[in-house]
Each structure stands twice: as structure tokens, then as C-alpha cells.
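Number of protein chains: 2
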Amino acid sequence: MAIESKRAVVLLSGGLDSTTVLAMAQRDGFLCHAMSFRYGQRHHVEIECAARIAARMKAAAHRIVDIDLRAFGGSALTDGIAVPKNRSPQTMAEGIPVTYVPARNTIFLSYALAWAEVLDARDIFIGVNALDYSGYPDCRPEYIEAFGRLAALATKAGVEGAPICIHAPLIEMTKAQIVRTGLALGVEYALTSSCYDPAPSGAPCGACDACQLRAKGFADAGVDDPLREMFA
Amino acid sequence: MAIESKRAVVLLSGGLDSTTVLAMAQRDGFLCHAMSFRYGQRHHVEIECAARIAARMKAAAHRIVDIDLRAFGGSALTDGIAVPKNRSPQTMAEGIPVTYVPARNTIFLSYALAWAEVLDARDIFIGVNALDYSGYPDCRPEYIEAFGRLAALATKAGVEGAPICIHAPLIEMTKAQIVRTGLALGVEYALTSSCYDPAPSGAPCGACDACQLRAKGFADAGVDDPLREMFA
Chain D
64 MAIESKRAVV LLSGGLDSTT VLAMAQRDGF LCHAMSFRYG QRHHVEIECA
114 ARIAARMKAA AHRIVDIDLR AFGGSALTDG IAVPKNRSPQ TMAEGIPVTY
164 VPARNTIFLS YALAWAEVLD ARDIFIGVNA LDYSGYPDCR PEYIEAFGRL
214 AALATKAGVE GAPICIHAPL IEMTKAQIVR TGLALGVEYA LTSSCYDPAP
264 SGAPCGACDA CQLRAKGFAD AGVDDPLREM FA
Chain E
64 MAIESKRAVV LLSGGLDSTT VLAMAQRDGF LCHAMSFRYG QRHHVEIECA
114 ARIAARMKAA AHRIVDIDLR AFGGSALTDG IAVPKNRSPQ TMAEGIPVTY
164 VPARNTIFLS YALAWAEVLD ARDIFIGVNA LDYSGYPDCR PEYIEAFGRL
214 AALATKAGVE GAPICIHAPL IEMTKAQIVR TGLALGVEYA LTSSCYDPAP
264 SGAPCGACDA CQLRAKGFAD AGVDDPLREM FA
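Here it is, written out as C-alpha cells:
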């Protein structure tokens with residue numbers, strides 16, 4: 064009889080980063096339970112990508128949780144503020160962008176923690192990246208460490224001596240390193256969506272911060288983005 | 064012109080504890096924004112109580128957030144497990160009760176954090192109590208402290224040097240102390256609901272842990288519970 068794999072919850076947005084994390088968690092032997100969120104995004108492209116990716120990569124399960132961040136407003140991704148386009152790397156590095164969603168990763172990790180507890184999983188994976196998203200407070204290593212300390216105190220598992228661990232394997236990687244790692248693991252980046260403001264067809268805008276960071280990642284890795292021909 | 068009060072987010076379940084916390088936060092001069100959750104409870108009595116309490120106590124706003132904890136299962140409050148009745152105080156103190164909802168306070172505080180950030184509030188109030196609920200990992204002082212450390216790292220406010228503070232003013236109080244404090248502040252406990260398993264009319268069962276703790280609190284405080292005549 065096969066030894067049962069360790070269960071893990073993997074936050075899967077449908078983007079390049081979280082898809083790479085799913086591949087890394089599977090490489091490390093975890094039976095991955097993927098979790099995505101509908102949170103009042105303007106577009107559903109990334110949810111559809113997440114569903115296709117979870118199916119193609121044979122995740123053990125995929126849950127899509129509805130959360131209404133629009134109840135709070137406060138972000139270009141969830142209310143009517145325009146997504147910034149064609150910003151320079153210097154501008155991107157300054158301060159917290161308007162695309163920041165209040166407390167988003169805290170809410171996502173809280174749901175992941177609930178599911179992990181029910182699954183009796185001890186591991187949660189999240190694709191945050193501190194180099195490319197230095198302006199987001201909840202993408203920093205010290206934030207992930209603080210959530211780990213919280214998780215150890217928040218749950219039955221923690222009380223019983225086997226706390227849930229938060230893994231953020233991309234946190235110190237460049238986008239090029241992420242792309243190379245994913246390609247080596249067979250990730251099909253054609254299935255992913257990174258754009259903050261895609262066309263109704265799903266085509267990336269090519270100009271928002273996420274598109275620019277993705278393009279630079281592929282360029283630095285010396286490979287073509289399979290989505291390249293979709294760019295406007 | 065009046066000086067503007069400091070805004071706070073107050074988690075309001077509609078029960079005795081959180082209603083007392085709302086009164087305490089108002090006493091301390093906060094402009095209180097109440098937040099409640101529909102999370103697959105078997106009953107909606109407590110949400111209706113929360114709405115009446117927020118209106119009667121003139122909260123600045125009241126938001127009811129839908130969250131689907133049933134997607135994860137794992138608790139008597141959200142799935143089909145029977146609510147335990149007539150347990151002794153000794154039994155209540157042992158281990159984590161089946162009414163524990165996975166990661167519930169972490170999810171609630173995450174939403175409160177998001178709303179606080181949008182409101183530019185620096186204070187969140189939660190009515191957790193470590194003495195009566197010693198079996199719940201997310202009602203302990205060290206859990207609240209860990210969430211406070213997370214909140215300081217998770218948000219724009221924290222990055223900009225004014226972190227959001229988590230207040231749990233009941234954490235070390237007995238139920239009798241809570242009742243006396245609330246009565247001194249004019250809390251109308253007839254509006255509150257504590258029962259885990261109320262009748263369709265809203266009448267408390269009188270036998271679940273929450274009903275027993277409430278009854279003991281009023282008895283120890285030497286006052287009558289205004290809900291007493293509703294008991295079956």
C-alpha cells in the first residue's frame with residue numbers, strides 16, 4: 064500500500080507565482096489542496112485559470128471561496144480606481160501601490176488555516192514575493208513569520224504540539240528564478256494569468272505592473288512567455 | 064466644532080460578551096463600527112440581535128459579512144454534530160469543545176483588519192474571554208498578542224508607523240465581572256443572545272455551555288438575566 068502523502072493547502076491565484084508554488088509543493092511530495100478566492104476582482108480570468116491549472120496539475124481538491132472585499136473598498140483591484148499603467152521600476156518600488164487590497168493575504172491565509180485545520184494538514188503554501196512586490200506590507204518575510212507564529216497559537220494542531228507551517232518558497236526569488244524553477248518542473252505558463260486589467264478575452268494588457276514584472280522575468284530568464292502573442 | 068472621535072472596528076456577535084465590549088469601547092470615546100458575520104450558523108438569532116444592538120447603541124455603522132465556513136466543515140456550530148448539553152464545568156474546561164470553529168477568530172480579525180485599514184481606524188475590539196473559554200486556542204491572551212504583532216506588519220498603517228491595536232478587554236474577566244461592567248454602562252442584556260442552539264423563536268436552550276456560563280455569570284453577579292423567563 065502506498066504511503067499517504069502529507070496534505071497541504073496551496074493558495075492558487077491562477078498567476079505565474081502561485082502556479083509555480085503548486086509545482087514546487089508537489090515536487091516536495093505534498094498532496095496539494097488548492098484554494099482560490101473570488102474577491103470582487105474586476106475580472107474572472109484568473110479564477111478560470113486557477114480552475115484549469117488545478118485540474119491539469121491534478122490537485123487533490125480545489126475550493127473557490129467567495130469573499131466580498133468590495134464591502135470595504137479601498138483598492139484599484141476591487142473598486143473603480145484606474146489600474147496604473149507603464150510605470151517605471153523606480154516608481155513601482157516606491158511606497159504601497161493603489162492595487163494593494165486591504166489585509167488581503169491575512170484574509171487568504173486565515174481561510175487556508177481553517178481548511179488546513181479541517182484537513183489535518185500541517186503545511187500551507189503561498190506565492191508571495193518580496194523582491195517584486197516590495198511595496199506590499201503583507202508580502203514581506205517578517206509578515207509571513209508573524210503569520211506562522213499566529214498559526215501556531217490559533218489552532219488545535221498548534222495547541223497539540225504540531226503547529227501548521229506557512230511556506231513562502233518564492234519570497235526571496237527573482238521573477239526570472241521563479242520562471243526557470245517552474246519551467247524545470249514542467250509548469251505550463253500558457254495556463255496562467257498575471258495581468259491586473261485583462262481584456263474580456265483574457266488577453267493581458269501588457270502595461271500594468273504585473274504584466275511588466277512578468278515580461279521582465281521571462282526576458283531575464285531568456286525564454287519566451289507563451290502568453291506573449293496574446294499581448295495587445 | 065466637535066473633536067472627531069477615534070474610529071474603531073468592534074466585532075459584534077450579538078452575544079453578551081461582544082455587546083459589553085461595544086459599550087466599553089463607546090465609554091472610552093471610540094466611534095464604533097460594528098462588524099458581524101454570517102458563517103453558516105444553524106440559527107440567525109444572533110445576527111438579528113447584533114443588528115438590533117448596533118441600532119439601539121447607535122454604532123456609526125454595522126456591516127454583516129457573509130463567510131462560508133461550511134465549505135470546510137469541522138464544527139458543531141456549522142455542520143450536523145449535536146451541540147453538547149448539560150456539561151459540567153469540569154468537562155467544559157477539558158480540551159477543545161466540538162463547538163470550536165476552525166480558525167474562526169483569525170478569519171473574523173482579518174476582516175476587521177481590512178475594514179480598519181479602509182476606515183483609517185487604529186483600533187479593533189474583540190470580546191474573547193480566556194477564563195470561560197479556556198478550551199478555545201484563539202481565545203487566549205497569547206493568541207491576541209500574536210494577532211496584534213501580525214496586524215502591525217500586515218497593513219499600510221503599520222508600515223507607516225501607526226499600527227492597528229487589538230483590544231480584548233474581557234480577556235481576563237469573569238462572566239460576573241462582565242455582566243456587572245455592562246450593567247453599569249447601561250447595556251440592555253435583553254437584546255443579546257448567547258445560546259449555541261436556540262429555539263426557532265430565539266429562546267435559549269438553557270443547557271448548552273454558553274447558556275450555562277451566562278446563567279452562572281448572572282447568578283454570580285447577583286442579578287437576574289432579563290432572558291431568564293424565556294428559558295424552556
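Protein chains in written order, with this note's numbering: chain D, 64 to 295; chain E, 64 to 295. Glycine residues also receive a C-beta, built at the ideal position from the N, C-alpha and C atoms. Quick caveat, the model's predicted, so the values are computed rather than measured.
Residue i, DSSP secondary structure in three states
| i | result |
| --- | --- |
| residue 116 of chain E | helix |
| residue 184 of chain E | coil |
| residue 70 of chain E | strand |
| residue 87 of chain D | helix |
| residue 126 of chain E | strand |
| residue 195 of chain D | coil |
| residue 100 of chain D | strand |
| residue 254 of chain E | helix |
| residue 233 of chain D | coil |
| residue 93 of chain D | strand |
| residue 78 of chain E | coil |
| residue 168 of chain D | helix |
Exposure label - residue i; buried when at least 16 CB within 10 Å
| i | result |
| --- | --- |
| residue 64 of chain E | Reliability of the predicted coordinates at residue 64 of chain E is poor, the pLDDT of 41 falling under 50, and no value is obtained from them. |
| residue 201 of chain D | buried |
| residue 109 of chain D | buried |
| residue 83 of chain E | buried |
| residue 225 of chain D | exposed |
| residue 151 of chain D | exposed |
| residue 168 of chain D | buried |
| residue 81 of chain D | buried |
| residue 204 of chain D | exposed |
| residue 154 of chain D | exposed |
| residue 267 of chain D | buried |
| residue 247 of chain D | exposed |
| residue 238 of chain D | buried |
| residue 107 of chain E | exposed |
| residue 68 of chain D | exposed |
| residue 272 of chain D | buried |
| residue 78 of chain E | buried |
| residue 243 of chain E | buried |
For residue i, the first and last residue of its enclosing alpha helix (DSSP H)
| i | result |
| --- | --- |
| residue 276 of chain D | 272 to 284 |
| residue 210 of chain E | 204 to 217 |
Below-8 Å beta-carbon distance, residue i vs any chain E residue
| i | result |
| --- | --- |
| residue 275 of chain D | no |
| residue 189 of chain D | no |
| residue 181 of chain D | yes |
| residue 100 of chain D | no |
| residue 76 of chain D | no |
| residue 169 of chain D | yes |
| residue 186 of chain D | no |
| residue 245 of chain D | no |
| residue 194 of chain D | no |
| residue 131 of chain D | yes |
| residue 135 of chain D | yes |
| residue 65 of chain D | Residue placement at residue 65 of chain D is flagged as unreliable, the pLDDT there being 49, under the threshold of 50; the coordinate-derived value follows with that caveat. It does not: the Cβ of residue 65 of chain D has no partner Cβ on chain E nearer than 8 Å. |
Proximity test, Cβ basis, 8 Å: residue i and chain D
| i | result |
| --- | --- |
| residue 291 of chain E | no |
| residue 210 of chain E | yes |
| residue 203 of chain E | yes |
| residue 176 of chain E | yes |
| residue 173 of chain E | yes |
| residue 272 of chain E | no |
| residue 217 of chain E | yes |
| residue 266 of chain E | no |
| residue 124 of chain E | no |
| residue 213 of chain E | yes |
| residue 259 of chain E | no |
| residue 224 of chain E | no |
Residue span of the beta strand (DSSP E) that contains residue i, given as start and end
| i | result |
| --- | --- |
| residue 246 of chain D | Note, residue 246 of chain D: premise wrong, no beta strand (DSSP E); alpha helix (DSSP H) at 238 to 247. |
Note to self: Under 8 Å: do the segment 232 to 240 of chain D and the segment 173 to 192 of chain D share three or more Cβ pairs, one atom per stretch?
What the structure shows: Taking 8 Å as the limit for Cβ pairs, the verdict is that the segment 173 to 192 of chain D does touch the segment 232 to 240 of chain D.
Next item on the list: Examine the Cβ distances between the segment 254 to 272 of chain D and the segment 211 to 229 of chain D and report whether three or more of them are shorter than 8 Å.
Entry: The answer is no - the segment 211 to 229 of chain D does not touch the segment 254 to 272 of chain D, with fewer than three Cβ pairs under 8 Å.
Next item on the list: Could you tell me whether the segment 283 to 294 of chain D touches the segment 166 to 179 of chain E, using the rule of 3 or more Cβ pairs below 8 Å?
Entry: Short answer: they don't touch.
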